[in-house]
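Novice: Here's a structure for you.
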Amino acid sequence: MRTMKLRAAAATVLLTALSGTLAACGDAGSEGEGVDVQAEEVEDGKFEEGSRMAELAEAGSITIGVKYDQPGLGFKSATDDIPTGFDVEIAKLLVADLGIDPSDTSAVTYEETISDNREPYLEAGRVDLVLASYSITDDRRQVVGQTGPYFITGQQILVGADSDVESIDDLVGETVCSVSGSTSLQNVEDAGAVGAPADTYSQCAEDVLNGTVEAMTTDGSILLGLAAQNEGELKVVGPEFSEERIGVGYSQDYPEMCEWINGVLTEAYEDGSWAEAFEATLGGDDVETPEPPALDECPAA
Amino acid sequence: MNVVLDNAGDIALAFIYTLSLFVVAGVLSLIFGALLAAARVGPVAVLRKAAAVYVMLIRNTPLLIVIIFFRFAGPKIGLTFGFVDIRVADIRLNNLYAACAVGLIVYTSSFVCEALRSGINAVPLGQAEAARAIGLPFGGVMSQVIMPQAMRHALPPLASVQIALLKNTTVCGALGVFEAFARMRGLTNDFASARTEIFLAFALIFVVLVEVLSFVAYRLERRWRIA
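These protein sequence lines map, in sequence, to chains A and B.
Each residue of the first sequence is one higher than the one before, counting from 120 in the working numbering.
Each residue of the second sequence is one higher than the one before, counting from 23 in the working numbering.
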């Protein structure tokens with residue numbers, strides 16, 4: 120009798136899981152599932168002989184550095200094969216342009232990069248591209264190649280739902296949490312608040328929820344994701360008080376990749392796949408899809 | 023090296039946090055650890071058992087778990103340290119700092135207790151018996167006869183425990199205190215081109231701090247040596 124019950128339960132679980140996957144297949148544009156991007160045909164001569172793009176297309180495999188812990192940008196839960204988020208969607212467009220199937224995990228490796236190892240991974244060739252909420256800065260450009268931006272975001276504040284904080288100015292002298300080592304934390308200090316470093320964004324959110332800190336801060340897009348996870352308990356407030364230009368990182372050994380990346384991005388801006396990627400991840404019913412940002416010129420090779 | 027010099031003020035502030043954590047946790051863990059050690063060798067069976075359980079429980083738990091307990095489980099049961107809010111110039115000792123400091127004290131005390139107990143065990147039993155024979159109560163035996171001799175034997179292991187504490191403060195850098203480790207992560211992220219220098223500078227400062235500590239311990243050892 121007991122085994123029967125267990126079996127029935129197992130069958131129910133299996134069915135639920137199956138219907139879940141089926142629903143996901145039918146409704147590719149829904150939130151969190153991402154867009155189904157098809158690999159493009161690569162004709163002979165599309166990439167210049169000897170260029171890194173030609174090598175990657177020839178090899179049919181690529182490694183992309185993404186974040187695993189930022190809902191909406193790059194996030195991988197324990198059960199996902201492929202991370203989800205806007206960064207990942209843009210990565211898929213680049214991968215598809217090389218004639219590689221972005222959903223084939225044997226060809227594409229989405230390696231987790233944390234803030235500290237993005238440059239070392241690119242320099243060592245462990246990843247071919249980095250799309251990990253990677254702000255473009257002059258200092259980073261000394262070490263690696265960065266192009267874009269494909270997204271512009273700004274820092275906002277996340278507070279408890281009943282808080283009357285309206286902007287960063289209300290937080291002078293108060294404790295504000297962000298991830299240790301991030302630019303956001305630096306900006307908090309510059310604004311006169313006390314920075315509280317944490318290991319992950321969810322840890323900060325936990326601190327805001329239980330009242331240990333007054334507020335947390337980072338890119339608005341990440342905060343929206345956290346607020347959505349704790350609906351009714353947390354809210355995003357204030358104007359953006361910094362500008363982060365999110366770009367694609369590549370190795371300085373292959374400067375030819377810059378023009379290619381810009382080309383793919385421009386195409387995505389024009390044919391609407393950029394907007395589609397935004398709506399599938401960061402966008403929601405009440406979020407307006409912004410204009411794609413202007414791309415930086417590639418440095419003369 | 024420019025990055026390090028340009029940010030010398032921030033780095034100094036970070037090390038003030040590191041050192042303040044070390045001093046607060048160091049002094050309090052010595053006091054609490056000494057009480058624990060006294061309980062472990064004392065005449066009251068309940069206290070002996072309680073201290074033994076404390077040491078067994080805390081010494082076998084990773085530091086990170088102890089501090090995370092005070093940082094995240096504590097607030098859930100109403101332990102927020104909200105009453106702590108000390109401001110001295112740019113230094114701000116808040117509830118997060120208190121939670122981290124308490125975690126360090128709780129953890130280090132168990133090691134201090136065991137280091138002291140090793141010292142107490144090294145004092146010949148005759149000393150305690152003689153002290154009791156002249157009518158000293160337990161407190162007097164401990165403070166007048168046993169502890170002064172035990173400290174001499176316990177000094178090297180105690181120094182090791184305190185050196186470990188100084189380096190353990192870096193755990194707080196990921197849990198809400200803007201100390202040296204958190205500052206280093208900020209700098210390595212902002213100045214990707216100068217990472218090696220930043221790492222070396224921070225490692226060097228830690229080496230110097232620990233070296234100072236070792237020197238003090240060595241001097242004490244010599245001063246307290248039996249002539």
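Glycine is no exception: its CB is placed at the ideal position from the N, C-alpha and C atoms.
Going straight from the alpha carbon of P179 of chain B to that of T228 of chain A, what length do you get?
Specialist: If you number the second sequence from 1, residue 179 of chain B lands on position 157. If you number the first sequence from 1, residue 228 of chain A lands on position 109. Roughly 48 Å separates the two Cα atoms.
Novice: Count the other CB atoms within 10 Å of the CB of Q322 of chain A; is the residue buried (16 or more) or exposed (fewer)?
Specialist: Residue numbering aside, residue 322 of chain A sits at position 203 when the first sequence is read from its first letter. Residue burial annotation: Q322 of chain A is buried, with at least 16 other C-beta atoms found within 10 angstroms of its C-beta.
Novice: According to DSSP, is C144 of chain A part of a helix, a strand, or is it coil?
Specialist: Position 25 of the first sequence, counting from 1, holds the residue named residue 144 of chain A. Caution is warranted here: a pLDDT of 42 is assigned to C144 of chain A, below 50, making its placement in the model unreliable, and the coordinate value is therefore given only provisionally. Reduced to three states, the DSSP call for C144 of chain A is helix.
Novice: Do L345 of chain A and Y320 of chain A have their beta-carbon atoms positioned less than 8 Å apart in this structure?
Specialist: Locating residue 320 of chain A in the first sequence gives position 201, counting from the first residue. Locating residue 345 of chain A in the first sequence gives position 226, counting from the first residue. For Y320 of chain A and L345 of chain A, yes; Cβs fall inside 8 Å.
Novice: Go ahead and pull the three-state DSSP assignment for D257 of chain A.
Specialist: By 1-based counting over the first sequence, the position of residue 257 of chain A is 138. In the structure shown, D257 of chain A sits in a helix (DSSP, three-state: H, G or I).
Novice: Could you run through the segment 92 to 104 of chain B and flag, in chain order, every residue whose CB is less than 7 Å away from some CB of chain A?
Specialist: Identification of residues in the segment 92 to 104 of chain B having a C-beta nearer than 7 Å to some C-beta of chain A yields F94, P97, K98 and T102, given in sequence order.
Novice: Around the Cβ of N143 of chain B, are there at least 16 other Cβ atoms within 10 angstroms (buried) or fewer (exposed)?
Specialist: Start at 1 with the first residue of the second sequence, and residue 143 of chain B comes out as number 121. Exposed is the call here.
Novice: So T302 of chain A and S254 of chain A are supposed to be a Cβ contact under 8 Å. How far apart are they, rounded?
Specialist: Locating residue 302 of chain A in the first sequence gives position 183, counting from the first residue. Locating residue 254 of chain A in the first sequence gives position 135, counting from the first residue. Going by Cβ atoms, the distance from T302 of chain A to S254 of chain A rounds to 6 Å, so yes, they are a contact pair.
Novice: Kindly provide the ranges of any beta strand (DSSP E) runs that are 3 or more residues long and lie completely inside the segment 214 to 252 of chain A, ordered along the chain.
Specialist: 227 to 231
Novice: Verify whether the separation of the beta carbon atoms of V207 of chain A and V185 of chain A is less than 8 Å.
Specialist: Here residue 207 of chain A corresponds to residue number 88 of the first sequence, with the count starting at 1. Here residue 185 of chain A corresponds to residue number 66 of the first sequence, with the count starting at 1. In contact: V207 of chain A and V185 of chain A (Cβ atoms closer than 8 Å).
Novice: When the Cα of L250 of chain A is compared with those of A:L342, A:Y388 and A:Y187, which residue comes out closest?
Specialist: In the first sequence, residue 250 of chain A corresponds to position 131, counting from 1. The shortest Cα separation from L250 of chain A among A:L342, A:Y388 and A:Y187 belongs to A:Y187.
Novice: Can you give me the start and stop residues for the alpha helix (DSSP H) that Q166 of chain B sits inside?
Specialist: Here residue 166 of chain B corresponds to residue number 144 of the second sequence, with the count starting at 1. Per DSSP, Q166 of chain B belongs to no alpha helix (DSSP H) and is neither H nor E.
Novice: Nearest CA to the CA of E266 of chain A: which residue from A:E375, A:E308 and A:S340?
Specialist: The sequence position of residue 266 of chain A within the first sequence is 147, counting from 1. Per the sequence shown, the amino acid found at residue 266 of chain A is Thr instead of Glu. The shortest C-alpha separation from T266 of chain A is found at A:E375.
Novice: If the criterion is Cβ atoms closer than 8 Å, does the pair G314 of chain A and F200 of chain B meet it?
Specialist: One-based indexing of the first sequence puts residue 314 of chain A at position 195. One-based indexing of the second sequence puts residue 200 of chain B at position 178. Cβ atoms of G314 of chain A and F200 of chain B: closer than 8 Å.
Novice: Check distances from the C-beta atoms of the segment 346 to 363 of chain A to those of chain B and list, in chain order, the residues that come in under 9 Å.
Specialist: Along the segment 346 to 363 of chain A, there is no position whose C-beta sits under 9 Å from a C-beta of chain B.
Novice: Give the residues from the segment 307 to 322 of chain A that approach chain B closer than 7 Å (Cβ to any Cβ), ordered along the chain.
Specialist: V313, G314, A315, P316, A317 and D318
Novice: Tell me, please, which residues DSSP counts as bridged to A315 of chain A.
Specialist: Position 196 of the first sequence, counting from 1, holds the residue named residue 315 of chain A. Answer by DSSP bridge pairing, in chain order: A:C296.
Novice: Ends of the beta strand (DSSP E) at D338 of chain A?
Specialist: Locating residue 338 of chain A in the first sequence gives position 219, where the first residue counts as 1. Element bounds for D338 of chain A: A334 to D338.
Novice: Near S149 of chain A, which residues of its chain fall below 7 Å by C-beta distance, leaving aside the five closest residues on each side in sequence?
Specialist: Numbered from its first residue, the first sequence carries residue 149 of chain A at position 30. Its pLDDT being 38, under 50, S149 of chain A is placed unreliably in this model, and the coordinates cannot settle the point.
Novice: In chain B, which residues lie less than 7 Å from N329 of chain A when you measure between Cβ atoms?
Specialist: Position 210 of the first sequence, counting from 1, holds the residue named residue 329 of chain A. Chain B residues near N329 of chain A: P97 and K98.
Novice: Inspect the beta-carbon positions of F270 of chain A and P358 of chain A and report whether they are closer than 8 Å.
Specialist: Looking up residue 270 of chain A in the first sequence gives position 151. Looking up residue 358 of chain A in the first sequence gives position 239. Going by C-beta atoms, F270 of chain A is not nearer than 8 Å to P358 of chain A.
Novice: So, using beta-carbon positions, are S170 of chain A and G273 of chain A closer together than 8 Å?
Specialist: One-based indexing of the first sequence puts residue 170 of chain A at position 51. One-based indexing of the first sequence puts residue 273 of chain A at position 154. Not closer than 8 Å, so no.
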